[in-house]
Amino acid sequence: MKRILYFTFTLSILLVWSSCRKDLEFSPSNGNLQFSKDTVYLDTVFTNIGSSTFNLKVFNKSNNDIVIPTVKLGLGEASAYRLNVDGVAGKVFENIEILAKDSIFIFIETTVDITNVANTTQYLYTDQIEFDAGSKLQKVELVTLVQDAVFIFPNRDNTTKVIETLTLTMDGEPVETDIQGRELLPSELTFTNTKPYVIYGFAAVPNGQTLTINPGARLHFHSNSGLLVTDGASININGASSADQDLLENEVIFEGDRLEPGFSDRPGQWSAIWLFDGSLNNSINYTTIKNATVGILCDGNPNETNDKLTITNSQIYNSSAFGILGRNTSIKAENLVINKSGQSSFAGTIGGKYNFTHCTIANYWDNSFRQFPSVLLNNFLVDEDNNAVLADLTEANFNNCIIYGNDNPEILLDELEDDAVTFNFKFTNCLIRFEDTNNNFTGANYDFNDITHYEGNLFNQNPDFKDAFLNELMIGDDSAANNKGNTVFSSQVPFDILNVNRTASPDLGAYQHITFPE
């Protein structure tokens, strides 16, 4: 009986106390809400592609609990913006409560169809979030730049389907990725700078055809998308030197399709440019390739008279696996800059033929662990049965290059010795990071006094990069690379990547040195 009386008494006290609490009495808002920002800029989006989610914080700094009669988009249900107010999705909301000295979040997204509103390549789409009405009305502006584009989707005509399996090495393990796409149509084999291109899946250059990409073109790839250059096909990327090194108005740029600042340097947003075994006469000039899994995957044709790939005056950044992965292939590179790769910036594997002149091959990967160095060379492939398949490394020449990074050492010569195959390489007048304090790298391949493989090189001296972690690989007045180039090679590549003459006193790498501002 005492327990029942005690429970009844306690319950009565709680009910009386609760009924007296003033903070459960919500007063109408008085128009004095405060906001984390006056205008929400949702950055640039492509037409018909959803934006990231942005947030707005709404503060009630008064001593009273309040209720906002209405929170809505100015354009109402017709608005292209979408809201989530305190966990509820919609475009018009009623009786939104905020406790005293508290706040709520509003999350904002948009998807805009540019063809419904303007006949132009880009425009500003705007709306407002309205809080309350009449004399208590408060507004927060919403602004989005919407950009038109040429979209390339798989199976657009149901006849040009392409399905392949791409195997990549991730964290030391082979990973098979099924990818789907379609062949480009004849009308799509020239990309211009009129509108950016947005590619879903893999766009494939058909056998016997050439994809030409003109100066200033912009290519954006959705997740798990890329470009295939198939057997018998070619790609010619004809970028040109730009006057503005921030805008790169004449360069061709490959990147992901997320345009928000938070994605500008995020690795692994799309897959690769894949040059199939049998593709031929591929050329890339004044091109920036960034944020891929593999910037360029180049397969086969190691003995081509004209190298399978010639790449000049170009940059490859933020690849989650490799900047360039060559597999028993032939590549000629001049004024090439590669940086920030999850594994190697350049890997010449299963033999092949490689000639790099005045290139900066660096790797300042942000993560603390990286399995491979900036430059990896090997002459074998281990098949599914754990058998080694060997191939000739006919030549791998690095002339007047910088090979550096935030790991050590930054070259690995992984030869499987066999009299039946060759392993020819030479580093001439290069600045290389290689310190072997534990004597882990021995044998003839690491005899730096052997002029068959090493001549005129510098080791472990400061390249004086402007900011390697920001992909600014220009070298300064204090660089050990200054004036150390061999003029034989500078005469072959007389201008640096910024079109500065280097013939008189060449520096190593892709850039002639400059004076950094204080």
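The working numbering applies: residue 1054 is where the sequence shown begins, and numbers increase by one. Ideal Cβ placement from N, Cα and C applies to all residues, glycine included. Computed from a predicted structure; not experimentally measured.
Asked                                                                                                                                                                                  : Found
N1152 to I1119, Cα distance in whole Å?                                                                                                                                                : Correcting the residue type first, residue 1152 is Leu in the shown sequence and not Asn. One C-alpha to the other measures close to 6 Å.
What does DSSP give as the partner residues of L1430 in its beta bridges?                                                                                                              : G1401, L1466
Taking the continuous alpha helix (DSSP H) assigned at S1115, which residues delimit it?                                                                                               : Run containing S1115: none; DSSP gives neither H nor E here.
Where do the N-terminal and C-terminal ends of the alpha helix (DSSP H) with S1543 fall, by residue?                                                                                   : 1540-1543
Would DSSP call Y1178 helix, strand or coil?                                                                                                                                           : strand
Inspect the beta-carbon positions of V1093 and L1195 and report whether they are closer than 7 Å.                                                                                      : yes
Could you pull out every residue in the same chain whose Cβ sits closer than 7 Å to the Cβ of S1544, ignoring the five residues on either side in sequence?                            : T1556
Can you tell me whether DSSP reads S1276 as helix, strand or coil?                                                                                                                     : coil
Which same chain residues end up closer than 6 Å to L1429 when comparing Cβ atoms and leaving out the 5 residues on each side of it in sequence?                                       : S1397, A1400, L1465
Taking only three categories from DSSP, how would you classify I1290?                                                                                                                  : strand
Mind checking who W1323 pairs with in its DSSP beta bridge?                                                                                                                            : A1345
Can the beta-carbon of I1455 be found less than 7 Å from the beta-carbon of P1516?                                                                                                     : yes
According to the neighbour-count rule (16 or more other Cβ atoms, all chains shown, within 10 Å of its Cβ), is E1571 buried or exposed?                                                : exposed
In whole angstroms, what separates the C-alpha of L1362 from that of G1285?                                                                                                            : 14 Å
From the DSSP secondary-structure annotation, give me the bridge partner or partners of Y1407.                                                                                         : I1384, A1449
Closer than 8 Å is the cut-off here; do at least three beta carbon pairs connect the region 1442-1455 with the region 1482-1491?                                                       : yes
Apply the 10 Å Cβ neighbour rule to P1207 and answer buried if 16 or more other Cβ atoms are within range, or exposed otherwise.                                                       : buried
For E1194, which three-state DSSP category applies?                                                                                                                                    : strand
Taking the beta carbon of K1114 as the centre, do at least 16 other beta carbons fall within 10 Å, making it buried, or is it exposed?                                                 : exposed
Just tell me which of G1509, A1415, T1164 has its CA closest to the CA of N1133.                                                                                                       : The residue asked about is misnamed: residue 1133 is Ala in this sequence, not Asn. Closest by alpha carbon: T1164.
Give every residue of the same chain whose Cβ lies closer than 7 Å to the Cβ of N1359, excluding the five residues on either side of it in the sequence, and list them in chain order. : N1334
Confirm, please, whether the CB-CB distance from N1381 to A1444 is below 7 Å.                                                                                                          : yes
By the 10 Å Cβ neighbour count, where 16 or more other Cβ atoms means buried, how is N1552 classified, buried or exposed?                                                              : exposed
Could you pull the start and end residues of the beta strand (DSSP E) that E1162 belongs to?                                                                                           : 1155-1163
Residues in its own chain within less than 6 Å of G1321 by CB, not counting five upstream and five downstream?                                                                         : T1346, S1373
F1501 to F1409, Cα distance in whole Å?                                                                                                                                                : 19 Å
Leaving out the 5 sequence neighbours to the left and right, which residues in its chain are closer than 7 Å to N1392 when beta-carbon positions are compared?                         : Y1370, S1398, A1415, N1416, Y1417, A1521, N1524, L1526
Would you tell me roughly how many angstroms separate the C-alpha atoms of T1245 and G1269, rounded to the nearest one?                                                                : 7 Å
Give the DSSP-derived three-state secondary structure of I1167 in the structure shown.                                                                                                 : helix
Whose C-alpha, out of V1141, N1101, N1148, F1107, is nearest the C-alpha of T1123?                                                                                                     : N1148
Quick check: the Cα distance between Y1339 and S1394, rounded to an integer number of angstroms?                                                                                       : 20 Å
For F1079, which residues in the same chain have their Cβ closer than 7 Å to its Cβ, ignoring the five residues on either side in sequence?                                            : D1118, I1119, V1120, E1150
Rounded to whole angstroms, what is the Cα-Cα separation between E1468 and G1348?                                                                                                      : 25 Å
Keeping to the same chain, check which residues put their C-beta closer than 7 Å to that of N1303; ignore five residues upstream and five downstream.                                  : P1268, G1269, G1292, A1293, S1294, S1295, Y1339
Residue range of the beta strand (DSSP E) that G1309 falls in?                                                                                                                         : 1305-1309
Going by the beta-carbon positions, is the gap between D1560 and G1529 smaller than 7 Å?                                                                                               : no
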